[in-house]
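Here the structure is laid out as structure tokens; the discussion comes afterwards.
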Amino acid sequence: MKRYVLMVIALIVTAVYLFPLYWMYITVFKSAAEMFQFPPTFWPQQAESHLRQVFEERNMARFLWNSLLIACGTTGVTLLVGTGAAYALAQVQNRWTSAAIFAVLVLQALPSSLMVTPIFTAFKGLGLLETPRFAVVIAQITKTLPFYIVLCRASFVQVPRELRDAALVDGASPMRAFFGVILPLAVNGILVSAILVFLQSFGEYVYARSLILDDQYQTATVGLSAFVGATKTDWIGIMTYSAIFVTPILIAFMLLQRKIVAGLTAGALK
Amino acid sequence: MNKLLSRFPRENGFEITLAGFALLYLLLFAGLPLLYNIVLSFQQVDLMEPATLLRPFAGLANYRDVFSRPEAGQVLSNTLQFVGLSLLFQVVIGFLLAMLFLQDFPLATFMRGLFLAGWIMPGLVVGVIWKLLFAGDYGVLNHVLTQMGILHSKIFWLSDPQWSLYAVIIANVWLGVPFNMLLLSVGLAAIPADLYEAAELDGANAWQRFWGITLPMMKSTLGAVVSLGAIMTMQQFDLLAALTQGGPANSSQVAQYWSWQLSLQTFEVSAGSAVATLMMVLVLIVAVIYVRSTRNERMV
């Protein structure tokens, strides 16, 4: 009995917490007249939707494409550079690597909104703002790389050391031991961390807003904030935009929920 | 350089190379900008002039300029309130939820996982949704609060200078709760069950068990969660951009947003970098505390 009382309480709490998401989705289906009613309706009276219209009018295809490119670039480089580093920092344990881990953890804390001042000034001087999406990728990696290394390192730590030693005794080079033995065992942790990096970069805002001056290269987040700034009251359109933008993220999250939870807790506390 | 390399054990050469790439990248694109920001804050920066490293030296003029602005006091107090109140509510709500979901009932882990949906959403979208919830005339928050008898008249959350900062804090708490809950759950789950059993045998009630066992055992986790929460709150930008943009009349302005506005909207890079430097010092102090507090349990 007590178990079911607790479950009902938990259900209510979860529903209250997720209410903002619910509100976004039902606003998508409200009619213009219903939108500004007070008291508001909690279920659309005459459901209609403008998915296609908003998608086309707000140029969402181009914005999403730019976000996708930036997210792919960021994730690709982070994976390529970060995986080896995460492995090395898990494998080798001495004063130097402790210092390196310390530096990585501290760098993870630097807010983009503060780093963007020197990065903007320097990139402008170096001419990097001519290739704005590339500039955002470079800047965003400074944020995702430490995050990825910390998360991934935790899954490399779980691979028993003896496996590498055995491979070395068998005559494998350190490189073969890494690619042939250890990497396949850590592939789960790598994938989850990479997906988190991807989702984070897909929704990135500060660097895109600051470093991309040409609308043509702008990302979905900046497109959304421009939309909000331009209309202020077309909430149905704004929520439709938001829903189109975040639904893939939420689906990816739902599919991987269990693994994401496990990966996050391992990286942050252990 | 060779001398330095030879200090490493030979068999780790491959691993050192791997780590080297990442560290070099971070040094170039995070370490150098960090230093460059400090340099900028002591220079007179004019973005219209061709870029050079050597600009006129300004001494402490930029810092004096920032502090002499009329909004400086308000920004300072807002930043403290923003971080302090966000932390307080995130940790308390996160703790309560963590304890709830640690009980044994059907779907507990699944529902706890659902909370992270809030964490995975782009901050800007969360801000935009909250902007709709906060709407003064037709907003659902005003409706619910009046129905519950908490409010008697509508609050204009985002355009009333008395409320704007608190509106941003509410949205930020919503965003931060899942992560807090998750980390606190891990800490709670690690407390040995026999401690509670022994205390129960000795006749301690639930309240006494909480103060006598749970809280003391959670001390290091709480330390990590609080410092991590402080870091994430000081990083918060997207919510501010979506909700109030620091307004009305700087009533919800905080340091990290102010720095960005100065540098990238009014192009006063000197002032912006001075604010950024001050704020970074604060973030780095908290980061060092965080790393050292988790390091004690770390198996390094």
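Top line first, the protein sequences correspond to chains V and Z. Sequential numbering of the first sequence, starting at 1, is according to full-length UniProt numbering. Sequential numbering of the second sequence, starting at 1, is according to full-length UniProt numbering. The beta-carbon is built from N, C-alpha and C at its ideal position, and this holds for glycine as well.
Given residue i, which residues of its chain have a CB within under 8 angstroms of its CB, disregarding the five upstream and five downstream residues?
| i | result |
| --- | --- |
| Z/L195 | I213, M217 |
| Z/F8 | Confidence at Z/F8 is low in this model, with a pLDDT of 48, below 50, so the placement of that residue is unreliable and no value is reported for it. |
| Z/A72 | V66 |
| Z/S159 | G136, P248 |
| Z/M280 | L34, N37 |
| Z/G118 | V126, W174, L175, V177, P178 |
| V/D214 | P132 |
| Z/Q162 | S251 |
| V/F134 | G73, L128 |
| V/T14 | none |
With a cut-off of 8 angstroms on the beta carbons, I'd call residue i and residue j a contact; round off their distance for me.
| i | j | result |
| --- | --- | --- |
| V/Q257 | V/S201 | Incorrect: roughly 20 angstroms between the Cβ atoms, too far for contact. |
| Z/A241 | V/L110 | That pair is no contact at about 18 angstroms. |
| Z/L165 | Z/S252 | 4 angstroms |
| residue 277 of chain V | V/P132 | The displayed coordinates of chain V run from 1 to 270. Any statement about residue 277 of chain V would go beyond what the structure contains. |
| Z/Q261 | Z/G246 | 7 angstroms |
| V/I101 | V/C152 | Rounded, the Cβ-Cβ distance is 12 angstroms, inconsistent with contact. |
| Z/L133 | V/L18 | Not quite, the Cβ-Cβ distance comes to about 13 angstroms (not below 8 angstroms), so this is no contact. |
| V/F227 | Z/Y138 | That pair is no contact at about 19 angstroms. |
| V/N66 | V/T219 | 5 angstroms |
| Z/P122 | V/V246 | 7 angstroms |
| Z/P56 | Z/Q74 | About 30 angstroms separates the two Cβ atoms, so there is no contact after all. |
So which of the options has the shortest CA-CA distance to residue i?
| i | options | result |
| --- | --- | --- |
| Z/A276 | Z/G20, Z/A22, Z/L34, Z/Q74 | Z/L34 |
| V/V206 | V/L64, V/F120, V/N59 | V/F120 |
| Z/P106 | V/Y4, V/L250, V/Q108, V/A252 | V/Y4 |
| V/I238 | V/E57, V/L11, V/W96 | V/E57 |
| Z/T79 | Z/S159, Z/P122, Z/A230, Z/M111 | Z/A230 |
| V/G84 | V/F179, V/N66, V/K143, V/G73 | V/F179 |
| Z/W174 | Z/N205, Z/L201, Z/L215, Z/Q236 | Z/Q236 |
| Z/F101 | Z/S270, Z/R64, Z/A189, Z/V225 | Z/A189 |
| Z/G20 | V/A88, V/V192, V/I260 | V/A88 |
| V/K30 | V/L18, V/A103, V/V150, V/Q45 | V/Q45 |
| V/L69 | V/L199, V/V228, V/V246 | V/L199 |
| Z/L228 | Z/Y290, Z/L215, Z/V91, Z/A249 | Z/Y290 |
| V/L264 | V/L6, V/L21, V/A194, V/T231 | V/A194 |
| V/M1 | Z/D104, Z/G13, Z/L47 | Z/D104 |
| V/K259 | Z/L201, Z/L278, Z/F110, Z/P122 | Z/F110 |
| Z/S185 | Z/L215, Z/G203, Z/A206 | Z/L215 |
| Z/I116 | Z/L182, Z/T266, Z/V254 | Looking at the sequence provided, one finds Leu at residue 116 of chain Z rather than Ile. Selected option, being the one with the closest Cα: Z/L182. |
| V/S112 | Z/Y257, Z/I285, Z/Q265 | Z/Y257 |
| Z/S86 | Z/L54, Z/V269, Z/N12, Z/A171 | Z/A171 |
| residue 273 of chain V | V/T142, V/A262, V/V222, V/L255 | Because chain V here runs from 1 to 270, residue 273 of chain V falls outside it and cannot be looked at. |
Sorted by chain position, which residues of the same chain lie with C-beta nearer than 7 angstroms to residue i's C-beta, five sequence neighbours on each side aside?
| i | result |
| --- | --- |
| V/L51 | T240, I244 |
| Z/A199 | R209, G212, I213 |
| Z/V128 | A242 |
| V/V159 | I182, L185, A186 |
| Z/E297 | Reliability of the predicted coordinates at Z/E297 is poor, the pLDDT of 45 falling under 50, and the value obtained from them is presented with this limitation in mind. Once the five neighbours on either side are set aside, the close Cβ partners of Z/E297 are S220. |
| Z/N180 | Q90, V91, G94, V225, G229 |
| residue 327 of chain Z | This structure cannot speak to residue 327 of chain Z, because chain Z is shown only from 1 to 300. |
| V/V104 | P146, I149, V150 |
Excluding the five sequence neighbours on either side, which residues of its own chain have a C-beta within less than 6 angstroms of the C-beta of residue i, listed in chain order?
| i | result |
| --- | --- |
| Z/S273 | N37, L40, S41 |
| Z/R112 | F101 |
| V/K136 | It should be noted that the sequence gives Val, not Lys, for residue 136 of chain V. Cβ within range, chain order: I70, Y207, A208, L211. |
| residue 320 of chain Z | Given that chain Z is displayed from residue 1 to residue 300, the structure contains no residue 320 of chain Z and the question cannot be resolved. |
| V/A166 | none |
Taking 6 angstroms as the cut-off, is the CB of residue i close to at least one heavy atom of the ligand COA?
| i | result |
| --- | --- |
| Z/L222 | As far as ligands go, the structure on display features none, and thus does not contain the ligand COA. |
Worksheet item: Which residue spans inside the region 87-169 of chain Z form an unbroken alpha helix (DSSP H) run of at least 4?
Response: Segments of the alpha helix (DSSP H) lying fully in the region 87-169 of chain Z: 108-120, 123-133, 140-147.
Fill in: Residues, ordered as in the chain, of the region 90-104 of chain Z that lie near chain V by beta-carbon distance below 8 angstroms
Listed by position along the chain: L97, L100, F101, Q103, D104.
Practice prompt. Could you please tell me which residues of the region 155-173 of chain Z, in chain order, have their CB closer than 8 angstroms to any CB of chain C?
Written response: Protein chains in the displayed structure are V and Z, and chain C is not among them.
Fill in: Under 7 angstroms (Cβ pairs) to chain V, residues found in the region 15-26 of chain Z
Within the region 15-26 of chain Z, the residues whose Cβ lies closer than 7 angstroms to any Cβ of chain V are, in chain order, E15, I16, L18, A19, F21, A22, L23, Y25, L26.
Worksheet item: Taking Cβ-Cβ distances below 9 angstroms as the criterion, which residues of the region 261-279 of chain Z are in contact with chain V?
Response: Within the region 261-279 of chain Z, the residues whose Cβ lies closer than 9 angstroms to any Cβ of chain V are, in chain order, L262, S263, L264, V269, G272, S273, V275, A276, T277, M279.
Discussion item. Just to confirm the assignment: which complete alpha helix (DSSP H) runs, minimum length 4, are found wholly within the region 227-251 of chain V?
Written reply: Taking 4 residues as the shortest admissible run, the region 227-251 of chain V contains no complete alpha helix (DSSP H) segment at all.
Practice prompt. Could you name the residues of the region 212-234 of chain V whose beta carbon sits closer than 8 angstroms to any beta carbon of chain Z, in the order they occur along the chain?
Written response: Those residues of the region 212-234 of chain V that come within reach of chain Z (Cβ to Cβ, closer than 8 angstroms) are T221, L224, S225, V228.
Discussion item. At 4 residues or longer, what runs of the alpha helix (DSSP H) sit wholly inside the region 170-215 of chain V?
Written reply: Listed in chain order, they are 187-202, 206-211.
Item to complete: Residues of the region 105-137 of chain V with a CB closer than 8 angstroms to any CB of chain Z: list them in chain order, please.
Response: For the region 105-137 of chain V, the residues whose beta carbon sits under 8 angstroms from a beta carbon of chain Z are, in order, L105, V106, L107, Q108, A109, L110, P111, S112, S113, L114, M115, V116, T117, P118, I119, F120, T121, A122, K124, G125, L126.
Worksheet item: Where are the alpha helix (DSSP H) runs, 4 residues long or more, that stay fully inside the region 172-208 of chain Z, in chain order?
Response: The DSSP assignment places complete alpha helix (DSSP H) segments of no fewer than 4 residues inside the region 172-208 of chain Z at 193-201, in order along the chain.
Fill in: Contiguous alpha helix (DSSP H) assignments of at least 4 residues, all confined to the region 19-80 of chain Z
Entirely contained in the region 19-80 of chain Z, the alpha helix (DSSP H) runs reaching 4 residues are, in chain order, 32-41, 61-68.
Discussion item. Tell me which residues of the region 230-260 of chain Z have at least one Cβ-Cβ distance to chain V shorter than 7 angstroms, keeping chain order.
Written reply: Close to chain V, meaning a Cβ-Cβ distance shorter than 7 angstroms, are the following residues of the region 230-260 of chain Z: I231, M234, Q235, F237, D238, A241, A242, Q256, Y257, S259, W260.
Discussion item. Under 8 angstroms, CB to CB, which of the residues in the region 120-133 of chain Z have a partner in chain V?
Written reply: Those residues of the region 120-133 of chain Z that come within reach of chain V (Cβ to Cβ, closer than 8 angstroms) are I120, M121, P122, G123, L124, V125, V126, V128, I129, W130, K131, L132, L133.
Worksheet item: Which runs of the alpha helix (DSSP H) fall wholly inside the region 225-298 of chain Z and span at least 4 residues, in chain order?
Response: With a minimum length of 4 residues, the continuous alpha helix (DSSP H) runs that stay inside the region 225-298 of chain Z are 238-243, 255-264, 269-295.
Item to complete: Pull out every residue of the region 34-58 of chain V whose Cβ sits closer than 9 angstroms to any Cβ of chain Z, in chain order.
Response: Listed by position, the residues of the region 34-58 of chain V near chain Z (Cβ gap below 9 angstroms) are M35, F36, Q37, F38, P39, P40, F42.
Fill in: Contiguous alpha helix (DSSP H) assignments of at least 4 residues, all confined to the region 101-141 of chain V
Entirely contained in the region 101-141 of chain V, the alpha helix (DSSP H) runs reaching 4 residues are, in chain order, 112-126.
Practice prompt. Using a Cβ-Cβ cut-off of less than 9 angstroms, give me the residues of the region 245-260 of chain V that come near chain Z, in sequence order.
Written response: For the region 245-260 of chain V, which is checked against every Cβ of chain Z, the residues closer than 9 angstroms are F245, V246, I249, L250, A252, F253, M254, Q257, R258, I260.
Item to complete: Using a Cβ-Cβ cut-off of less than 7 angstroms, list which residues of the region 62-92 of chain V approach chain Z; keep chain order.
Response: From the region 62-92 of chain V, only V81, G82, G84, A85, Y87, A88, L89, Q91, V92 have a Cβ closer than 7 angstroms to chain Z.
Practice prompt. Please name the residues in the region 184-207 of chain V whose beta-carbon is closer than 9 angstroms to at least one beta-carbon of chain Z, in chain order.
Written response: Of all residues in the region 184-207 of chain V, L196, L199, Q200, F202, G203, E204, Y205, V206 have a Cβ within less than 9 angstroms of some Cβ in chain Z.
Discussion item. If the cut-off is 8 angstroms on Cβ atoms, which residues from the region 144-166 of chain V count as contacting chain Z, listed in chain order?
Written reply: Residues are counted here when their Cβ sits less than 8 angstroms from a Cβ of chain Z; for the region 144-166 of chain V these are L145, P146, I149, V157, given in chain order.
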